[in-house]
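See structure below.
There are 2 protein chains.
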Amino acid sequence: MENYDVNNNSSQLLHKLRQLLPRERLLTEREQLAPFESDALPVYCERPLAVALAESEEEIVTVARLCGEHRVPLVSRGAGTGLSAGAKPHGRGILLVTAPMDRILAINTHSLTARLQPGVPNLQISQVAVRHGLFYAPDPSSQIACSIGGNVAENAGGVHCLKYGVTVHNVVGLRLVTWDGEILTFGGECLAQPGYDLLALVHGSEGCLGIVSEITVKLTRVPAETRTLMADFASIGAAADAVSAIVRAGVVPAALEMMDALVISATEAFCQAGYDLDAAAILLIDLDGDPLEVDAEAALVEAVLRKFQATRVQRAQDEDQRQRWWKGRKSAFPAIGRLVPDYYCIDGTVPRHRIGDVLQAIAEFAEGYRLRVANVFHAGDGNLHPIIMFDGREPDALERVEALAADILEYCIQVGGTITGEHGVGTEKFNQMAIQFGDAEIEQFLAVKNALDPHGLLNPDKLIPSLAHCREYRVLRKKHD
Amino acid sequence: MENYDVNNNSSQLLHKLRQLLPRERLLTEREQLAPFESDALPVYCERPLAVALAESEEEIVTVARLCGEHRVPLVSRGAGTGLSAGAKPHGRGILLVTAPMDRILAINTHSLTARLQPGVPNLQISQVAVRHGLFYAPDPSSQIACSIGGNVAENAGGVHCLKYGVTVHNVVGLRLVTWDGEILTFGGECLAQPGYDLLALVHGSEGCLGIVSEITVKLTRVPAETRTLMADFASIGAAADAVSAIVRAGVVPAALEMMDALVISATEAFCQAGYDLDAAAILLIDLDGDPLEVDAEAALVEAVLRKFQATRVQRAQDEDQRQRWWKGRKSAFPAIGRLVPDYYCIDGTVPRHRIGDVLQAIAEFAEGYRLRVANVFHAGDGNLHPIIMFDGREPDALERVEALAADILEYCIQVGGTITGEHGVGTEKFNQMAIQFGDAEIEQFLAVKNALDPHGLLNPDKLIPSLAHCREYRVLRKKHD
């Protein structure tokens with residue numbers, strides 16, 4: 003599909019873009035481009051031909067249409083907080099940044115929806131909606147900075163997705179600009195839509211099918227009460243079993259997070275969250291809803307925790323203690339960062355009842371590569387975030403890290419899981435798609451890509467590898483075994 | 003895309019099918035075919051070349067591959083309970099029936115899932131799962147008969163979808179046979195899947211993208227308590243306002259149904275449900291969950307009902323009363339059927355806060371056509387089911403009914419709604435797709451169809467009309483205005 007820029011006509015394109023976009027929003031100078039060379043996974047970087055900062059849907063249409071006409075690759079992104087290099091620029095392409103489109107267009111308190119430009123930061127939606135007693139549920143760690151358009155592109159998750167769903171479950175309408183500058187409208191305020199579900203298809207498509215120019219999200223009533231429980235365990239296995247048992251008991255906690263001993267000690271040193279340094283694992287659990295409902299759920303969850311050998315179960319006594327516990331969880335990454343020169347966070351998902359086995363396997367893999375792994379993750383979703391700790395100054399460190407990451411992801415697949423929970427595939431996991439899927443599925447993905455982007459201009463070489471690439475990678479991995 | 007059967011080679015195909023399928027499962031005689039000429043909307047019917055009754059995925063593959071090779075249309079269906087003629091056979095094609103594949107392959111109490119063949123009847127899943135304290139939430143009215151494969155094809159809904167979601171929200175994995183007999187596997191037990199969301203895409207695709215050969219559904223814990231409230235209103239508008247206010251208050255009832263005076267009196271005469279014959283509208287509300295949670299929600303809902311001028315609010319005193327109230331709701335269609343020679347049930351969705359306006363508009367439209375409309379529907383979802391009552395023996399009755407149906411559906415679109423909530427597009431609403439969508443969206447739908455079914459063999463002339471058809475219909479409707 004790489005028939006872009008056949009006439010090497012990018013200079014014509016730039017000429018036209020200069021006439022249509024104001025000078026300060028079409029960046030072409032080396033030093034202007036530097037900050038845009040990667041997303042939040044800077045190990046993958048590339049300098050684009052130019053960066054276009056869009057301030058309106060019309061400008062997105064203009065840029066897409068011109069790139070389409072000139073067969074020049076177009077990579078779009080929001081705030082650039084992605085963790086899988088899904089928004090790495092293309093060296094012969096335009097990087098279209100929709101972050102400047104950051105207006106909340108409407109809050110509808112009848113339909114409990116908000117109509118948004120793609121650059122609106124995730125957290126800001128809730129900050130405005132709370133005036134009406136509402137919030138936007140998916141809450142990625144980067145929610146202060148990350149934009150709703152990028153959330154759609156990556157189908158972002160967060161701590162509260164166990165109860166409230168990931169992005170696709172919280173978006174009811176989209177406007178999408180196609181490779182040739184057409185505007186498509188999908189969804190609306192109703193529960194079902196006729197025709198093929200392109201609204202869902204766009205979620206997690208990482209800018210490969212079009213550029214999202216407007217999003218209508220579902221808002222949720224702020225729960226009357228949120229109660230936080232913390233449970234200590236003497237082994238990771240016991241904590242993992244408790245996670246599975248809580249959900250089996252019919253409770254859907256608003257959040258159900260797990261931390262291992264390495265994270266507990268690092269975090270405690272970093273911000274004195276009040277964690278028990280003797281615990282091998284801690285579960286942090288939010289229950290929300292009506293106070294009576296929360297009472298009932300808390301009783302049930304505590305019984306399950308005790309049954310599964312929690313060595314201590316505490317309820318947060320006040321908002322201050324609750325906030326401190328959560329601050330610890332949210333500080334886990336910088337806390338680990340203080341302990342080692344470098345770390346690399348992976349994102350895989352496994353069936354909930356396999357968490358225990360998988361964590362043990364990860365520890366064994368890590369030992370083989372002389373590496374340490376810390377674990378802090380969305381346990382209720384089975385969404386692991388192993389943090390590989392390393393020292394990038396050691397000559398072979400990066401290779402060992404990459405090999406361990408591949409082993410972990412492929413083990414997730416082996417137990418019936420997936421190579422991503424919320425970070426996406428992007429550039430980072432391009433290879434692992436060959437293991438996650440067989441040729442038949444990859445072929446259909448490519449056919450869908452071709453249907454919406456017939457010249458392969460939108461975010462090339464991301465998300466879906468070619469059949470040839472898949473076959474090659476599978477051979478390489480076999481050799482490695 | 004109609005390049006099927008170019009060599010008129012259906013006799014070759016039949017010859018091969020006869021060698022591969024046992025005689026009693028390949029029907030070709032006129033009297034054998036008769037029961038398969040339509041689904042549950044028999045006004046649209048056609049006799050297929052042959053009916054193939056599949057007993058295994060392998061047989062689905064065989065039939066698809068042979069139809070693909072011979073370029074013969076292939077329409078697939080489950081139990082044939084569809085209400086939009088989505089499973090009407092093609093006169094030059096094979097009708098593949100997956101109803102005989104009715105085995106529950108596994109119930110997984112760890113992951114709370116069930117792996118099913120496509121012919122498993124919807125209700126049977128819950129009947130088996132209840133032994134583990136679990137149930138399958140989507141519950142179409144036809145749930146005794148309709149099959150899970152057909153539920154996926156139509157993205158079926160039901161009374162409990164307000165709280166638990168429609169089919170797509172309750173399916174975690176699929177196996178899909180393509181037009182040329184490849185098997186694709188999507189989803190699994192994890193919350194997110196990498197790549198394009200073909201799992202969602204298949205839902206509601208009405209057999210136009212492939213044939214579902216295995217489905218893994220999510221099971222839900224049976225709630226500890228279900229409480230039913232009934233509220234009477236002196237006007238339809240007041241009941242509609244209350245519906246919207248309940249959801250705005252942050253309560254998500256398990257069911258929130260509305261009936262108008264015509265339905266109330268017909269039902270009361272039919273089965274003595276205990277409804278108030280003086281009410282202009284009744285709301286029937288299920289709240290479920292932990293008893294304490296249900297208490298809290300019931301108090302809140304009752305307060306809202308009173309605020310919105312309910313003339314009476316009752317709680318079901320015991321299971322018997324509860325069952326009687328629901329029996330009335332479920333008998334509404336046969337009850338109306340006793341009053342008139344014929345009726346035709348429509349399925350449209352509108353934003354919840356527009357229900358009142360839309361019901362009034364429907365009444366006005368109906369008067370213009372000298373027809374009566376009764377209303378009983380999933381109010382919480384904004385999913386209307388206007389029942390047009392008529393006498394098919396009157397010479398112009400059917401024309402008037404069709405014109406009224408089109409007016410109602412197109413009014414749903416006008417207020418921001420859709421032409422289907424749960425019955426699908428099929429043959430019935432093929433024309434209205436031209437009003438629901440513009441050329442840009444239709445073009446993308448056709449491109450997706452072409453990606454997965456390049457010769458247009460799967461369920462031709464359903465769901466997505468050609469651009470030419472859309473333009474023609476739009477011109478015709480303009481003339482009508």
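These protein sequence lines map, in sequence, to chains A and B. To convert, note that position 274 of the first sequence is 276 in the numbering used here; the numbers rise steadily by one, no gaps. To convert, note that position 196 of the second sequence is 198 in the numbering used here; the numbers rise steadily by one, no gaps. Even for Gly, the Cβ is constructed at its ideal location relative to N, Cα and C.
Item	Value
Distance between A:L55 and A:V179 (C-alpha atoms, nearest Å)	16 Å
Inter-residue Cα distance where the pair is A:E4 and A:L465	Note that A:E4 scores 48 on pLDDT, short of 50, meaning its location in the model is unreliable; the coordinates nonetheless yield the value given after this. The straight-line gap from Cα to Cα measures roughly 15 Å.
Cβ-based burial, B:S13 [other Cβ within 10 Å; buried from 16]	exposed
Rounded separation between A:P140 and A:A256 - CA only	11 Å
Test: B:T100 CB closer than 7 Å to a CB of chain A	no
Chain A residues whose Cβ lies nearer than 7 Å to that of B:Q446	L186, L200, L454
Per-residue contacts from B:C148 into chain A (C-beta, under 8 Å)	Correct list: empty, because the minimum Cβ distance to chain A is about 16 Å.
Nearest-angstrom Cα separation, counted from B:F379 out to B:G159	12 Å
CB-CB length for A:A305 against A:D234, believed under 8 Å	The pair is not a contact, with the Cβ atoms about 16 Å apart (cut-off 8 Å).
Between the CA atoms of A:A298 and A:P225 - distance to the nearest angstrom	15 Å
A:T222 in three-state terms, based on DSSP	strand
Cβ-Cβ distance between A:V122 and A:D104 below 7 Å	yes
Within 7 Å, strictly: CB atoms of A:G88 and A:V74	no
B:D7 - DSSP class collapsed to helix/strand/coil	Any answer about B:D7 is weak, because its pLDDT of 48 lies below 50 and its placement is not dependable; what the coordinates show is given next. Reduced to three states, the DSSP call for B:D7 is coil.
C-beta neighbour in chain A for B:C273, strict 7 Å	no
Of the residues B:V296, B:C347, B:Y345, B:D278, the one placed nearest B:W327, counting alpha carbons only	B:D278
Buried versus exposed call for A:L211 [16 or more other C-beta atoms within 10 Å across all chains shown]	buried
Distance between B:A236 and B:A312 (C-alpha atoms, nearest Å)	7 Å
Assigned secondary structure, B:R354 (DSSP; H/G/I helix, E/B strand, else coil)	helix
Any C-beta of chain B under 7 Å from that of A:A131	no
A:Q438 to B:R317 span [Cα, whole Å]	51 Å
Contact list for A:G495 against chain B, beta-carbon separation under 9 Å	It is not possible to answer for residue 495 of chain A, since the shown part of chain A is limited to 3 through 483.
Sub-7 Å separation of A:L411 and A:G350 beta-carbons	yes
Three CB pairs or more closer than 8 Å across the region 429-438 of chain A and the region 186-195 of chain A	no
B:R263 versus B:G418: straight-line alpha-carbon distance, rounded	Per the sequence shown, residue 263 of chain B should be read as Ala rather than Arg. Cα to Cα, the separation comes out at about 26 Å.
Minimum Cβ-Cβ distance from B:R105 to chain A less than 7 Å	no
Where the region 344-371 of chain A meets chain B: residues whose CB sits under 8 Å from a CB there	T351, V352, P353, R354, H355
Test: A:C1 CB closer than 7 Å to a CB of chain B	A query on residue 1 of chain A cannot be resolved here, the shown segment of chain A reaching from 3 to 483 and no further.
Minimum length 3: unbroken beta strand (DSSP E) runs contained in the region 339-394 of chain A	344-347, 374-379, 388-392
Under 7 Å between C-beta atoms of A:L302 and A:A240	no
Chain A contact residues for B:I421, given Cβ-Cβ distances below 7 Å	P196
Interface partners of B:I466 on chain A, CB under 8 Å	G197, Y198
Nonlocal neighbours in the same chain, by C-beta distance under 6 Å from B:V65, ignoring five residues either side	A54, L98
Given B:A108 as reference, the closest of B:T230, B:L85, B:H134 once Cα atoms are compared	B:H134
Residue span of the alpha helix (DSSP H) that contains A:V306, given as start and end	293-309
Three-state class that DSSP yields for B:E48 in the structure shown	coil
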